[in-house]
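First residue of the sequence shown? That's 20 in my numbering, and the numbers climb one at a time after it. We treat Cβ as the ideally placed atom computed from N, Cα and C, and that holds for glycine. Just so you know, these numbers come straight off a predicted model, no measurement behind them. Only one structure is covered here, and it is reproduced in the block below.
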Amino acid sequence: MDKTAAAQRIKWLSSEIERHNRLYYEQDMPEITDAEYDALFRELKELEASSPDLALPDSPTGRVGGRPVAKFTQVRHTTPMLSLENAFTEQDIIDFDDRVKRFVGLSGGAEIGYVCEPKMDGVAVELVYRDGLLAIGSTRGDGLVGEEVTQNLKTIKDIPLRLQTEEPPGLLTVRGEVYLPLEPFRRFNQEREEAGEPPFANPRNAAAGSLRQLDSKITAKRPLSIFCYAPGEVDGVAFQSQSHFLSTIPTWRIPVNPLTKLVSGVQGVLDYYREMMEQRDDLPYEIDGVVVKVDRFSLQRDLGEKSRSPRWAIAWKFPPRQATTVVNDIVPQVGRTGVITPVAHLEPVNVSGVMVSRATLHNWEEMERKDIRRGDTVVVERAGDVIPAVVQVLTEKRQGSETLLPVPEACPVCGGEVVRIPGEVAVRCVGLNCPAQALERVKHFAARRAMDIDGLGEKFIEQLLNLKLIRNVADIYRLTEEDFMQFERMGKKLAENLLNSIAASKERELSRLIFALGIRHVGEHTAKLLASAFGSIENLAAASEEELTSIREVGPQVAASIADFFKSEENLEVLRELKEHGVNPKAEEKRVGGRFTGKTFVFTGALEKFTRDEAKKMVELEGGHAAGSVSKKTDYVVAGADAGSKLDKAQQLGVRVLSEDEFLELMQ
Ligand code: IVH
C-alpha cells in the first residue's frame, strides 16, 4: 500500500472505529460483531505501527472506550479503568507468557502463577466503598471518567450496600462486570419482540441498556447480576495478589465468579481455556473468553501498563459462534398476537455444534437496515439467544438476483388488514378471526410449558380449526369422542387418550393457565409472579395497573398489557367458558403453612431494595403478617437507612433486626 492509500485507510478506519465506539458504548446498539470490530482495530494498529507518522493524534487506538453520555453526572475514576489486550490463539498466549517471563527475568523451568477468570460479557463498573458503605457506583466510560449510576447499581441484589465485616477498610474500590443472565435476557427480548420493539442483539447490550436508565425503577425490574474481578484504589487493607483479593472480597459479600482459578504457567492457562470452552454452552450467562492475569501484585507493578492496557493481563477470546450460509427464502410468519415477523429459511449450517436452519429477522425495519435479501450469503451468529440472528450480509457475494421481501399489504394467512402501530416497529395482522393467530394461540395454550395437553399437536389443532370444531381455547374442553372419530386414522383408544389428556389439563397450576392465555409480555416467569401475588384468575382480572406494578419485575408496559387483556369482552367470555368447563385453578402457594406462619414483621427506615408493598406481599405469601408498629409480639424488624424510633424500640425489646439484604436472604 502506498503512503496516500495508507493515509486514507487510516483515516477511514479511525472514523469507522469511532462510529462503532459510539454505537456500542453510547447507544447500546452495535452494528457489527466483536470479531469484526477487533479486525478493524487490529488493521488500524498494524497500519499505524508501520507508518507512525500517519497515525492521527486522536486515534481511537490511544483510548479505552466511548465517551460518557452527558445525561448522567460524570465521575473521575481514581485510577484509570484499563482495557485488555486480546489474544486469539494458543500462540498469542505462549508469546504473552514469554513476554512476562522475560520482563521479570525468569528463566529455567520456573513458571508464573496466573489467575484465570471467565471473561464476562457485560458492562464494566466501579464500586467505591467508604468505611464499608457503598458510596459511589459508576460505569467505565472512557476509562478515566465514567457515568455515576449509584442508584441503578443499588437495585442489583448481588451488590452489598454495606460490606459484611466488623472492620471494613477505609476505602475499597472494586471493579466488576454487570451482566444479565441468559434466562431473563431471552425473556426480555421475547417481550420486546412481542411489543414490536427491536430486541437487543446480545445480553451485554441489554445489560448496558438496563444500567443506563435515568429512572432506576426500570433498572430494578431487570434482574441484573455482578461479578467483581479487580481492585481499584484501596486504603486500609493490603492485598498481596489477585488470588488473595478474590478470596477476600466474597467474605465481605462482594460476588466473585466461582469459576475463577489460580493456575501455574502456560499449560495451566491452556487447560483452563479448554475447560471453559466446554462449559460455555452450559453456563447461565454469556462469556466471550477467559482473562489471564499475573497473580502477584508486586509482579503486576513491575510489569506496569501501556497506554490502553496492562502488560500483566490478557483476554483470550473465544471464537465467535458464527457461520456463513445462504438465505433460501424469507417468509412472513404470523404469531399469536398477530405480529408478522420476517423469518429467514437458511441453508442448514453448523454453528459451533448446533444445526441452524432458521433465523428471525425480527421486523422489517431491522431487515431493511441490514438489507437482507432472499438469495443473500450471510453470517449467522448465536449470541445468547436461542434463535440465531443474521449479523451481516456479505454483499460482495451478491449476484444481482437477490430479492427483498416487501412489507405485506395484507395478512399472508387470512388476507386481513395489516397495521403498523405508531411508535412500534411491528407489523400486525388485526384480523380477529385470523386462523394463523388462532392456531398459534391454541398451540401456545396446549404446549408442554403451558397446559401440557399431550397429543394435541400443531397438525391436529389445524384440523380442528379447519373443521370448525374449535374456535378458541375454551372449545377444547367441549370436544367429544364423536368429534375425534371424524378424523382419519383415529381409533377409539386414541380418542380416549386425547380426552384424558384434555381432562388432566384442568388440574394444571394457576401459573400455567396464566401463561397459557398468551397475554402479551407475560412469559412463564411473570406468570409465576402473578399467580403467587393474586392467587386466582378473578383477582388478577380485577387488579389495577397500580397493583400490578407494585410487583417487582412487573413494569408499566406489562401491567397495561394485562389490564388490556382483561378488558376485552371476547377474552372474558373465553375465561367464563373455561371456568364452566372446570378450568379454574387456585394459586399453588398456600398462605397457611408458609415459612413465616404466625410471624410478624415490621419494616422501617428508607427501603432501597423493595417497596413496603412488595415486602408486605412477600411476607404474606409465606404466611406471615406485616405490622405498622413494634411490640413484644414483633418477630423481626427490617431496617433500612435512617431507621428511627422503631429501630430503637426493637433494640430495647430485644427483637431481631434485619438489614434489607438479610431479609431477602431469609426469603430465598
Ligand atoms: S480485568 C486491567 N477481568 O473485559 C484489568 N475484565 O476487554 C481490566 N471483563 O474492560 C479488566 N470479565 O469490562 C477483567 N474477569 C475479568 C473480566 C473483564 C470481563 C471485561 C471488562 C474489561 C474488558 C476488556
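Closest by CA to residue i, which one among the options?
i    : options                   : result
D654 : A646, A26 and A660        : A646
A465 : P425, L532 and F503       : L532
E136 : S524, V309, R330 and L475 : V309
L529 : S551, I521 and K636       : S551
L201 : D300, P179 and F503       : D300
T80  : L413, T98, Y304 and I36   : I36
V358 : S69, P217 and R205        : P217
R118 : V397, N590, L322 and K628 : L322
L191 : V134, G132, R571 and V253 : V253
I391 : K478, D494, C430 and D348 : D348
K618 : H644, H600, L626 and P604 : H644
V370 : K389, P407, E385 and R447 : P407
V353 : S555, L153, G434 and V256 : G434
K30  : P76, Y43 and L230         : P76
I155 : K665, V350 and E145       : E145
S678 : G554, V621, Q286 and S244 : V621
T97  : D494, E684, T23 and Y148  : Y148
I'd like to confirm something about residue i: is its beta-carbon nearer than 7 angstroms to some heavy atom of the ligand IVH, or not?
i    : result
L103 : yes
M139 : yes
Y248 : yes
E641 : no
V310 : yes
P329 : yes
R393 : no
A143 : yes
D55  : According to the sequence as given, residue 55 is Glu; it is not Asp. Result no, Cβ not under 7 angstroms from the ligand IVH.
R159 : yes
E136 : yes
E305 : no
E196 : yes
A332 : yes
Note down, in chain order, each residue of its chain lying with its Cβ closer than 7 angstroms to the Cβ of residue i, except the 5 sequence neighbours on either side.
i    : result
R460 : R355, V492 and G537
Q482 : F506
T92  : E167
N590 : F584
With a threshold of 8 angstroms between beta carbons, is residue i in contact with chain B?
i    : result
K665 : Here there is only one protein chain, and chain B is not present.
Check residue i in the structure and name its three-state DSSP category.
i    : result
M18  : Outside the displayed range of the chain (20 to 687) lies residue 18, so it cannot be described from this structure.
E185 : coil
S34  : helix
S569 : coil
Y133 : strand
A402 : coil
M100 : coil
G162 : coil
G394 : coil
K336 : strand
T80  : helix
F682 : helix
R86  : At R86 the pLDDT is 48, less than 50, meaning the model places this residue with poor confidence and gives no usable figure here.
N171 : helix
T23  : helix
V256 : coil
E589 : helix
Y148 : strand
Under 8 angstroms by Cβ, that's how I've got residue i and residue j pegged, so tell me the actual separation to the nearest angstrom.
i    : j    : result
S78  : E62  : Wrong, their Cβ atoms sit about 13 angstroms apart, outside the cutoff.
V676 : V656 : 5 angstroms
V345 : G251 : So it is not a contact: roughly 49 angstroms between Cβ atoms.
R393 : E421 : 6 angstroms
L73  : A26  : 5 angstroms
K336 : F107 : 6 angstroms
T379 : T396 : In fact, because the Cβ distance is near 18 angstroms, the residues do not count as touching under 8 angstroms.
A226 : G141 : 5 angstroms
V426 : V399 : That pair is no contact at about 23 angstroms.
S283 : E130 : 5 angstroms
H7   : Y496 : Not covered by the structure: residue 7. The range shown for the chain is 20 to 687.
So, for residue i: in the same chain, excluding its five sequence neighbours on each side, which residues have a beta-carbon less than 6 angstroms away from its beta-carbon?
i    : result
S235 : Q170, N171 and T174
A54  : P339
D502 : L488
K609 : Any reading at K609 must be qualified, since the residue scores a pLDDT of 43, below 50, and its modelled position is unreliable; the value itself is stated next. Excluding positions up to five away in sequence, the list is empty.
A660 : G624 and A625
For residue i, which residues in the same chain have their Cβ closer than 8 angstroms to its Cβ, ignoring the five residues on either side in sequence?
i    : result
P575 : E564 and T568
I237 : S229 and G574
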